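Note sheet for the following structure.
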Amino acid sequence: MKFGGTSVGTAQRIKDVAKLITERGRNIVVLSAMSGTTNTLEDISDYLYKHNFAGANETLNNLRHKYYDTIAELYSTDEYRNKAKEVIDERMDHIRSFNKEIFTSFDHKEILAQGELMSTAMMNLYLTECGVKSVLLPALDFMRIDKNSEPDTHYIREHLLPMLEKHANAELFITQGFICRNNYGEIDNLQRGGSDYTASLIGAAIKAEVIEIWTDIDGMHNNDPRYVEKTSPVSELHFEEAAELAYFGAKILHPTCVLPAKVNNIPVRLLNTMDPSAQGTLIYNVAPTHTIKAVAAKDNITAIKIKSGRMLLAYGFLRKVFEIFEANCTPIDMVVTSEVGVSVTVDSERNLEKIVDELKKFGTVTVDRDMVIICVVGDLEWKNRGFEAEVVNAIRDIPVRMISYGGSNYNISLLVRKEDKVRTLNLLSERLFN
Ligand code: ADP
Ligand code: ASP
Ligand code: MG
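With the first letter of the sequence shown counted as 1, position 234 gets the number 234 in the numbering used here; the numbers rise by one all the way through.
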């Protein structure tokens, strides 16, 4: 069971989660940092990097007060309030110890890890105060990524299982989402939003019956509720559909989190901490049936077009183009080709200048910035009739830069301008779901 930042964002929420997890039996519970904490730790790191120690201290003091207030409300005895304060003070002092001449990326990652260390320690103390036999599993002792930043599933399993065996009497296990160690044993993380990934990696390691992602909404909605008003939860999704949606911007799920569940065939449930009886979304390997299920959007996309007379009848042209992206460590999201050119999209401009420079050897290069991928997901198997027409019809007044269909049985992707994003999402909802 994984609970996100808002689910543990206040003393009351922590109490609610504690009640929920104690009622549901012996589980491994993964917690994020309290909401806002990781962003604040980012701010503090930024001040430290810029040698603004006063800024770092002030931000840290504000954070400490937030935790003190939570502690005052959460625990009912001074004994536990003092224990919790001791933990928080220790973490805060540790962060403060980075006030030094050189601030490295390792220091940054260590600071980011403090949020999950604090939330889990507080929950564990609260459960103990309530008389629950809860055990804190230090994620830094079993969660590990390899030299390619991929999870080391063998290591995770080999280190997690003995910990569980050691605590045969435990009623509940609490552990940190997001944080891990890398190949060199340094503190690292699974990227922002990565607590979902922790949960599915643990689920896979212990061959769990189900992986539950508890958040602040009643499951995966059929469109992004931040931009579209009348969205509703989707009751079932295939692993592939969920993966497409997560990758293309449905923030409720971290993109990488589907794979370990899919590989081990473990169902994932998206559930609402604020409304635990709501049905939510079940993600598993059921084939989707004759419906379009949901729409998502991925921001900050750049489109690159390479037009070349030489592409005509040439083999090996695409390989040369793709090799340039590979050599510059830049993944491609969308691809469309024609007889005279190819357009691709990337979500990072980090090596763009170099890529464009090298692509110019092969043709005329055009770059369109500030684009958005709109991803429509559902049963889009090619023999079904009419679904792609519905999608295109819905957005007939929107200028579309690229369309990609047929790459999988589950999606159509459209590339539009950033300023057309909200309108496109709304038009699709109106036509497809309302
Ligand atoms: P947590 O802190 O629990 O990990 P997140 O903020 O990462 O929660 O994810 C939940 C949020 O995702 C929701 O509050 C919602 O605003 C956003 N979201 C974006 N797209 C969707 C979608 N298609 N369905 C549900 N929620 C979505
Ligand atoms: N606390 C981390 C973040 O804010 C990880 C997570 O919440 O999933 O990104
Ligand atoms: Mg999240």
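Ideal Cβ positions, reconstructed from N, Cα and C, are used throughout, including at glycine. Please read these numbers as outputs of a predicted model, since none were measured by experiment.
Cβ-heavy atom distance, residue i to the ligand ASP, below 7 Å
i, result
"E116", "yes"
"D196", "yes"
"R192", "yes"
"S32", "yes"
"T439", "Because the chain is modelled from 1 through 434, residue 439 falls outside the range shown and cannot be assessed."
"F178", "yes"
"T120", "no"
"T38", "yes"
Proximity to residue i [Cα-Cα], best of the options
i, options, result
"Q279", "C257, H290, G316 and S235", "S235"
"F98", "S45, M122, Y80 and M123", "S45"
"H221", "G185, Y197, L172 and L271", "L271"
"I373", "T10, T345, L74 and T231", "T345"
"Y197", "I179, F387 and V367", "I179"
"T281", "E58, F239 and I301", "F239"
"L41", "E110, K19, I102 and F103", "E110"
"L237", "I213, N285, T22 and H94", "N285"
"Y80", "M123, I292 and L318", "M123"
Residue i CB to nearest heavy atom of the ligand MG below 7 Å
i, result
"D216", "no"
"H154", "no"
"H290", "no"
"G4", "yes"
"G9", "no"
"H221", "no"
"H254", "yes"
C-beta contact flag for residue i and residue j at 8 Å
i, j, result
"L380", "I412", "yes"
"V228", "S32", "no"
"C257", "A250", "no"
"L425", "V295", "yes"
"V29", "L172", "yes"
"T6", "S35", "yes"
"K2", "G177", "yes"
"Q160", "A121", "The sequence given here places Leu at residue 160; Gln does not occur at that position. No."
"K133", "N169", "yes"
"A208", "I156", "no"
"L60", "R96", "yes"
"L125", "K83", "yes"
"L112", "A11", "no"
"M371", "R350", "no"
Residue-level contact to chain C via CB, residue i, 8 Å cutoff
i, result
"L160", "Reference to chain C is not applicable here, since this structure consists of a single protein chain."
Simplified DSSP state of residue i, which is helix, strand or coil
i, result
"Y227", "coil"
"V416", "strand"
"R81", "helix"
"F173", "strand"
"N272", "strand"
"A296", "strand"
"I301", "strand"
Residue i beta carbon near the ligand ADP (any heavy atom closer than 7 Å)
i, result
"D224", "yes"
"K421", "no"
Neighbour-count burial assignment, residue i, 16 or more Cβ in a 10 Å radius
i, result
"F433", "buried"
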